[in-house]
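Take the sequence shown: its position 8, counting from 1, is numbered 27 in my numbering, and each next residue is one higher.
Ideal Cβ placement from N, Cα and C applies to all residues, glycine included.
These figures come from a predicted structure and were not determined experimentally.
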Amino acid sequence: MMRWIITHIFKWLGWQVTGDLPPGISKGVLVIAPHTSNWDFFYGMSAIYIKRIPTRFAIKKEIMFFPLGSILKWMGAISIDRTQKSNTHKKSNQVHMMTEILDKSEKLILIIAPEGTRKYAPRWKTGFYHIALGAKVPIILGYLDYTKKEAGIGPIIYPTGDIEKDMEQIQNFYKDKIGKYPHQGVR
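What follows is the structure in structure tokens.
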């Protein structure tokens, strides 16, 4: 019943969901981009719910306060402490933690916004890539395009270890995807 309601609200708002996970993909890192607004969470999670994709997502710990934190945890949130930005060891611990979560799960799609923020960032963070590479899972290119009012699943990328080549392929897919606030997206 809830899926029916969300599907109809999504359509009433003029949005559509395109693409599906290929059969046999039970684990992976779902990149959702561009991430420029809090509305991305609503549209992205609605699309995932409509498609019945079992997901968890990384979210900054500052948002995990009561009662919102309890709701987000129920929805699949994994709290991330981003305060140690200058400490590479902490960053690798976050990647390691996410890799372990994927390794231990039989069926899990982990959602990550590669910009790491809704504000302008000159380039994407690469943690999602290292998580997928370490867990030996595909990177699923998910997107929100506000000009088309479309949320979708694009190509599946299997990380090769050649991060520059793989990132170029990934970012090329997103070149024509427009966020709610285009000036805040990675250019």
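Rounded to the nearest angstrom, the Cβ distance from Pro53 to Ile128 is 19 Å, too far for a contact under 8 Å. Annotation: the continuous beta strand (DSSP E) that includes Lys79 extends over 74 to 79. Per the DSSP secondary-structure output, Ser56 pairs with nothing in a beta bridge. Taking the C-beta atoms as reference points, Ile159 is found no nearer than 8 Å to Ile182. The residues Ser98, in chain order, have a CB closer than 6 Å to that of Met83 in the same chain once the five nearest residues on each side in sequence are set aside. Shown here, Lys168 sits in coil according to DSSP, grouped into three states, outside any helix or strand.
The C-beta separation of Gln188 from Thr55 comes to about 22 Å, leaving the pair out of contact by the 8 Å criterion. Nearest Cα to Phe60 within the set Ala170, Gln35, Gly180: Ala170.
Contact check for Leu152 and Lys46: beta-carbon distance about 13 Å, past the 8 Å limit, so the pair fails to qualify.
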